[in-house]
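The listed protein sequences derive, respectively, from chains A and B. Counting in our numbering, the first sequence runs from 6 upward without gaps. Counting in our numbering, the second sequence runs from 437 upward without gaps. All C-beta atoms in this analysis are idealised placements derived from N, C-alpha and C, irrespective of residue type, glycine included. Below: the structure, in structure tokens.
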Amino acid sequence: MKTNFTEIIPQTLLLLCALIMAALLISLAGYLLLKGGAVLSLSFLTNIPTNGMTAGGIFTPIMGTVALTLITALVSLPVGIGAAVYLSEYAADNRLTQIIRAAIRNLAGVPSIIFGLFGLTLFVQGLGLGSSLMASGLTLGLLSLPYVITTTEEAMRTVPQLMRESALALGATRWEVTRDIILPAATPGIATGAILSLSRAAGETAPILFTGATFYLSGSSIGLKDEFMALPYHLYMLVTQHQAIEQVQPLALGTACVLLLLVLLLNTAAITIRRKYVKQYQP
Amino acid sequence: MRVIFQVSGFFCIAVLGGILLMLMINSIAFFADIPPITFLSTTEWQPEYGKYGILTLLAGTLLVTTGAMVIAVPLGIGTALYLSEYARPWVKNVLKPAVEMLAAVPSVVVGFIGIVVVSPVIMSFAKIPNGLNALNGAVLLAIMALPTIITVSEDAIRAVPHMFREASYGLGANRWTTLQKVVVPAAYPGIIAAVMLGMGRALGETMTVLMATGNAIAFPKGIFSPVRTITANIAIEMGEVPFFSTHYYGLFATALILFIISFAVNFTAEKITAHIRRFQ
């Protein structure tokens with residue numbers, strides 16, 4: 006071995022990189038959780054925005070985001086899981102399958118604002134849904150599709166081939182094997198993927214900018230054909246479009262903190278499910 | 437049943453095809469009014485005067501993305517190397533999930549940090565009156581690209597067979613020499629793919645740059661200039677533009693250029709990973 010000097014310098018540099026990264030994470034989370042946490046209270050979560058959005062809470066945007074995410078789930082989960090079942094259980098390894106896979110990978114790389122344009126032309130204008138909760142939900146549903154498919158297929162792949170072959174040998178059809186063996190075994194993995202995909206969709210802003218999100222609603226009623234308030238869009242509006250910057254700063258901090266907590270909560274839930282229920286089949 | 441699942445599979449092709457078709461049809465409508473050469477070769481984007489040149493917006497996108505890569509590439513690869521070669525198990529078990537969670541932070545929240553934290557810091561360090569500029573956007577996009585770069589390149593580094601390292605130690609090389617001469621060259625394609633994927637993420641990001649880069653339509657003079665990216669421009673102008681006007685179609689044409697660039701970047705990353713998979 007050469008002198009320790011040539012070892013220590015690079016090692017310190019790499020350690021420094023990791024430390025910067027850790028400091029970044031801690032300061033980002035710390036800032037939002039401490040400063041934003043000071044604003045959080047039950048009334049902040051359960052009151053509607055008042056006084057031209059300089060006071061009150063964020064109940065309306067929370068409900069909007071919940072409704073939006075439900076529609077996203079209703080669109081992306083059935084289609085996404087269906088496509089994953091096809092790819093993992095039915096599809097032959099041919100040209101067509103490769104094209105489907107390439108399409109899915111490319112969809113995942115399409116910038117979210119382009120999904121927004123697509124939603125605007127197809128749902129808002131083309132299908133005549135107008136600027137509405139429905140149009141935004143459908144747009145986010147399409148955006149989440151590739152993530153749902155990828156995670157579901159991955160979960161289904163961890164089910165050993167032996168289980169498929171045993172069931173087939175007993176005379177079960179493809180569909181029976183999928184329904185009774187593969188899907189039950191893959192459910193925790195699918196759930197993990199679904200939670201992560203939906204938490205990602207819930208935080209998106211660009212795709213709902215021109216498909217249905219609105220600055221302010223006076224009531225807290227929600228309709229599929231109506232415009233809606235959403236947490237990420239609410240935060241964007243508060244910090245960039247509101248005149249009374251000083252007054253809304255605490256509200257913005259609170260909203261950012263809620264968004265971050267939402268993501269942390271959903272991610273922790275997903276990780277817990279993965280650790281607890283996802284079976285590791287040993288060959 | 438098979439048919440139902442197959443239809444779901446085809447649906448994905450239909451969505452991607454639909455997006456491409458939507459971009460092309462609207463862009464063709466635009467190119468009927470403005471010749472593609474003018475669009476691609478002029479710098480002025482002033483729809484109110486009928487001037488539609490993409491270069492200023494493109495420069496904004498490229499400047500912010502390049503800046504982000506300058507920050508994120510060394511930091512990301514350094515962290516990945518540390519995690520895979522030096523870190524103790526507990527450090528790894530804490531830092532890795534934390535980095536993965538960073539990827540899930542909504543882009544508006546990152547943009548918000550840009551306004552309330554990064555901007556004041558830039559103002560006081562550079563002694564300039566406005567902290568909303570290309571540098572701010574670059575810092576934020578670096579934060580957003582880091583999780584991808586770290587996770588993907590760490591996977592690539594970990595995939596280098598242990599035998600390679602053992603053989604190098606056997607020849608008397610120390611840890612750093614082994615890393616530098618054996619591990620990194622072997623993991624090189626994967627690291628490049630990681631950088632490309634991170635870049636793809638930065639290129640297409642809308643909300644963070646919209647909130648943090650100042651959005652001035654002027655050809656950027658440097659890292660402290662306020663800039664407007666293609667994505668931010670669409671977000672700003674699509675809300676105000678009359679539907680089916682030249683300006684409206686023009687925004688789709690800029691989106692088409694963005695789509696082509698990010699497609700090329702992601703496609704390259706994919707080709708590299710497919711190439712690596714063949715050897716494993």
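Looking at chain B, is there any beta carbon in it that lies within less than 8 Å of the beta carbon of residue 278 of chain A? No Cβ of chain B is located within less than 8 Å of the beta carbon of residue 278 of chain A.
When the cut-off is 8 Å and only beta carbons count, does residue 581 of chain B lie next to chain A? Not one chain A Cβ lies under 8 Å of residue 581 of chain B.
Hey, is residue 6 of chain A's beta-carbon within less than 8 Å of any beta-carbon in chain B? Unreliable placement is indicated for residue 6 of chain A, whose pLDDT of 47 sits below 50; the coordinate value is still reported in the next sentence. Residue contact with chain B for residue 6 of chain A: present (Cβ-Cβ distance below 8 Å to some residue of chain B).
Pop quiz: residue 596 of chain B and residue 633 of chain B are said to be a contact at Cβ under 8 Å. What is the actual Cβ separation, rounded to whole angstroms? With a beta-carbon spacing of about 19 Å, residue 596 of chain B and residue 633 of chain B fall beyond the 8 Å limit used to define contacts.
Which two residues bound the contiguous alpha helix (DSSP H) that contains residue 159 of chain A? Where residue 159 of chain A is concerned, the enclosing alpha helix (DSSP H) stretches over 138-162.
Which chain B residues are close to residue 234 of chain A, counting only those with a beta carbon under 8 Å from its beta carbon? Here the premise fails: no neighbours, minimum Cβ distance about 14 Å.
Taking only beta-carbon positions, decide if residue 204 of chain A is within less than 8 Å of chain B. Residue 204 of chain A belongs to the set of residues whose beta carbon lies under 8 Å from a beta carbon in chain B.
Beta-carbon proximity check, residue 445 of chain B vs residue 152 of chain A, cutoff 8 Å: Result no, Cβ atoms of residue 445 of chain B and residue 152 of chain A do not sit closer than 8 Å.
Helix, strand or coil for residue 233 of chain A per DSSP? Strand at residue 233 of chain A.
Determine whether the beta carbon atoms of residue 500 of chain B and residue 574 of chain B lie at a separation below 8 Å. Taking the C-beta atoms as reference points, residue 574 of chain B is found nearer than 8 Å to residue 500 of chain B.
Taking C-beta to C-beta, are residue 145 of chain A and residue 107 of chain A nearer than 8 Å? Taking a C-beta distance under 8 Å as the contact criterion, residue 145 of chain A and residue 107 of chain A do not qualify as a contact pair.
Residue 280 of chain A: buried (16+ other C-beta within 10 angstroms of its C-beta) or exposed? An exposed status is given to residue 280 of chain A, since fewer than 16 other beta-carbon atoms sit within 10 Å of its beta-carbon.
Taking only beta carbons into account, state which residues of the stretch 514-537 of chain B come closer than 9 Å to chain A, listed in chain order. Of all residues in the stretch 514-537 of chain B, 514, 515, 516, 517, 518, 519, 521, 522, 523, 527, 530, 531, 533, 534, 535, 536 and 537 have a Cβ within less than 9 Å of some Cβ in chain A.
Would you report the Cα separation of residue 706 of chain B and residue 629 of chain B, rounded to the nearest angstrom? Their Cα atoms are separated by approximately 7 Å.
Show which residues of chain B have a CB atom less than 8 Å away from the CB atom of residue 252 of chain A. Ordered by position in chain B, no residue passes the 8 Å Cβ test against residue 252 of chain A, which lies about 15 Å from the chain.
Cutting at 6 Å between CB atoms, please list the residues of its own chain near residue 684 of chain B, excluding the five before and the five after it. Taken in chain order, the residues that qualify are 677.
In whole angstroms, what is the alpha-carbon distance linking residue 288 of chain A and residue 169 of chain A? Unreliable placement is indicated for residue 288 of chain A, whose pLDDT of 47 sits below 50; no coordinate value is reported for it.
So that I know if they touch, is there some Cβ in chain A lying closer than 8 Å to that of residue 612 of chain B? Closer than 8 Å to some Cβ of chain A, the Cβ of residue 612 of chain B qualifies, so yes.
I want to know whether the stretch 242-249 of chain A touches the stretch 62-80 of chain A - three or more CB-CB distances under 8 Å. Put simply, the stretch 242-249 of chain A does not touch the stretch 62-80 of chain A. Fewer than three CB pairs are less than 8 Å apart.
What whole-angstrom Cβ distance do residue 70 of chain A and residue 53 of chain A have, given they're in contact under 8 Å? No, residue 70 of chain A and residue 53 of chain A are not in contact; Cβ-Cβ is about 14 Å, not under 8 Å.
Are the CB atoms of residue 526 of chain B and residue 16 of chain A nearer to each other than 8 Å? Cβ atoms of residue 526 of chain B and residue 16 of chain A: not closer than 8 Å.
For residue 524 of chain B, report the span of its alpha helix (DSSP H) as first-last. No residue range can be given for residue 524 of chain B, since it is assigned to no alpha helix (DSSP H) and is classified by DSSP as neither H nor E.
Of the residues B/708, B/448 and B/548, which one's Cα is nearest the Cα of residue 623 of chain B? Of the listed residues, the one whose Cα sits closest to residue 623 of chain B is B/708.
Under 7 Å (Cβ pairs) to chain A, residues found in the stretch 655-672 of chain B: Hits within the stretch, in order: 667, 670 and 671.
Cβ of residue 173 of chain A within 8 Å of any chain B Cβ: Taking CB atoms only, residue 173 of chain A has no neighbour in chain B less than 8 Å away.
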